[in-house]
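*Asks:* Let me begin by handing over the structure; questions about it come next.
Residue numbers (the working numbering): 5 to 335.
See the structure below:
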């Protein structure tokens, strides 16, 4: 298969609930049809589709790039509204582990409005991750849209400080929106001034151009509206589909290097998942004791603690359970 000169690094599937409309098997198949060597998955705050992407892309000889578009707040625990998008890609297994930790913390600790993370978490779990500055809902683009160039530079510098200059990219998109046409030259200038690479992405929400109407219906479900309402919420253009490399090249005339860098990032990202293996946590053991021996000791103590009288039936049941655990290799 000939390789295309661009790969998609910003893609939403059905696991971006009521927002993404790409089914992962079809996504993998379409990426192969477009002769792309790799394709990313960057769902909103979630890694629910990561394993499915890994399996499905493998069927088509396409490299899976596991990522997440996280919601960044100043304080993940605060009930105040407000967050920005940030695109993260796992460069290696350590990065994948950090993505898991970020996504989990978002749901467990930053659960107001969206599964949010904050700078404290990002600093703690930045290893092995590549950061793209984000879409129009990212801090950098928001600042430029509001003519706050100084804030945009400060936000970009902070990203570079957290993730490292070699792992921070200025994300540029073109879905035919007026605001993108206005701020994209500023993004390119900002990248040049900061000495950081510019990279082109597509913010894919559905697979093909003709899927835009179905995506519109999906957004109506999200907002509790109807297609019959002429003022229902929808995306401002129908250009959020998985475009071919040629279509992306047409959208980014003058930004050819930003397109080519997607291949560089794809080459850097190498996550290997061990699927089908039993992965059990390792518990600390007293010196000189084997795991199963210690488990038997704890269970026998627990049996005495929980029952006033340990009957033969209870002892037999415990022996059976321990025998099963040992035979299955769980201890």
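Where a beta carbon is used, it is the ideal one built from N, C-alpha and C, also for glycine.
Give the DSSP-derived three-state secondary structure of residue 26 in the structure shown.
*Replies:* The residue given as residue 26 occupies position 22 in the chain shown. If DSSP states are grouped into helix, strand and coil, residue 26 belongs with the strands.
*Asks:* Considering Cα atoms alone, identify which of 240, 69, 296 is closest to residue 184.
*Replies:* Start at 1 with the first residue of the chain shown, and residue 184 comes out as number 180. It is 240 whose Cα lies nearest to the Cα of residue 184.
*Asks:* Rounded to whole angstroms, what's the CA-CA distance from residue 95 to residue 168? Just pull it up for me.
*Replies:* If you number the chain shown from 1, residue 95 lands on position 91. If you number the chain shown from 1, residue 168 lands on position 164. Approximately 13 Å between the Cα atoms of the pair.
*Asks:* Taking Cβ to Cβ, would you say residue 194 is nearer than 9 Å to residue 262?
*Replies:* Numbered from 1 along the chain shown, position 190 holds the residue referred to as residue 194. Numbered from 1 along the chain shown, position 258 holds the residue referred to as residue 262. Contact flag unset, no.
*Asks:* Which residues does DSSP pair with residue 89 in a beta bridge?
*Replies:* For the purposes of this step, residue 89 is identified with residue 85 of the chain shown, where counting begins at 1. Answer is 75, bridged to residue 89.
*Asks:* Who are the Cβ neighbours of residue 30 in its own chain at under 7 Å, not counting the five residues just before and after it?
*Replies:* As a position in the chain shown, residue 30 is number 26, starting the count at 1. Once the five neighbours on either side are set aside, the close Cβ partners of residue 30 are 211.
*Asks:* Can we say the region 256-276 touches the region 227-244, given the rule of at least three CB pairs closer than 8 Å?
*Replies:* Cβ pair count under 8 Å is below three, so no.
*Asks:* Please tell me whether residue 326 and residue 287 are closer than 9 Å, where the distance is taken between their beta carbons.
*Replies:* In the chain shown, residue 326 corresponds to position 322, counting from 1. In the chain shown, residue 287 corresponds to position 283, counting from 1. Not closer than 9 Å, so no.
*Asks:* By the DSSP assignment, the beta strand (DSSP E) with residue 39 in it spans what residues?
*Replies:* Taking the chain shown and counting its residues from 1, the one referred to as residue 39 is at position 35. Segment: none, residue 39 is in no beta strand (DSSP E) and carries neither H nor E.
*Asks:* What separation, rounded to the nearest whole angstrom, lies between the Cα atoms of residue 324 and residue 284?
*Replies:* Numbered from its first residue, the chain shown carries residue 324 at position 320. Numbered from its first residue, the chain shown carries residue 284 at position 280. Distance between the alpha carbons of residue 324 and residue 284 is about 21 Å.
*Asks:* DSSP on residue 210, reduced to helix/strand/coil?
*Replies:* As a working note, residue 210 is residue 206 in the chain shown. Note: residue 210 maps to strand in three-state DSSP.
*Asks:* On the three-state DSSP scale, how would you describe residue 323?
*Replies:* By one-based count along the chain shown, residue 323 stands at place 319. Three-state result, residue 323: helix.
*Asks:* Enumerate in chain order the residues of its own chain whose CB-to-CB distance from residue 333 is below 8 Å, with the five nearest sequence positions on each side excluded.
*Replies:* The count along the chain shown starts at 1 and reaches residue 333 at position 329. Cβ within range, chain order: 282.
*Asks:* By Cβ distance below 7 Å, which residues in the same chain neighbour residue 289 in space, the five residues on each side in sequence not counted?
*Replies:* Here residue 289 refers to the residue found at position 285 of the chain shown. These residues qualify, in order along the chain: 295, 298.
*Asks:* What's the call for residue 235, buried or exposed, on a 16-neighbour Cβ count within 10 Å?
*Replies:* Working through the chain shown from its first residue, we reach residue 235 at position 231. With fewer than 16 other Cβ atoms within 10 Å, it is exposed.
*Asks:* Under 8 Å by Cβ, that's how I've got residue 113 and residue 89 pegged, so tell me the actual separation to the nearest angstrom.
*Replies:* As a first step, residue 113 is located in the chain shown; it is residue number 109 there, counting from the start. As a first step, residue 89 is located in the chain shown; it is residue number 85 there, counting from the start. Wrong, their Cβ atoms sit about 19 Å apart, outside the cutoff.
*Asks:* Hey, could you find the ends of the alpha helix (DSSP H) residue 150 is sitting in?
*Replies:* As a first step, residue 150 must be located in the chain shown, where it is residue number 146. Counting along the chain, residue 150 falls outside any alpha helix (DSSP H), and DSSP gives it neither H nor E.
*Asks:* With distances taken between CB atoms, is the gap from residue 191 to residue 174 smaller than 9 Å?
*Replies:* The sequence position of residue 191 within the chain shown is 187, counting from 1. The sequence position of residue 174 within the chain shown is 170, counting from 1. Yes, these two residues count as a Cβ contact at 9 Å.
*Asks:* What does the Cβ neighbour count give for residue 320, buried or exposed, with the cut at 16 atoms within 10 Å?
*Replies:* For this step, residue 320 is matched to residue 316 along the chain shown. That one is exposed.
*Asks:* Give the range of the beta strand (DSSP E) segment to which residue 54 is assigned.
*Replies:* Position 50 of the chain shown, counting from 1, holds the residue named residue 54. First-last for residue 54: 54-62, but that is the alpha helix (DSSP H), not the beta strand (DSSP E).
*Asks:* Give the C-beta separation of residue 107 and residue 50 to the nearest angstrom, bearing in mind that I take them to be a contact with Cβ-Cβ under 8 Å.
*Replies:* Here residue 107 corresponds to residue number 103 of the chain shown, with the count starting at 1. Here residue 50 corresponds to residue number 46 of the chain shown, with the count starting at 1. At roughly 6 Å, the Cβ-Cβ gap stays under 8 Å, so residue 107 and residue 50 are in contact.
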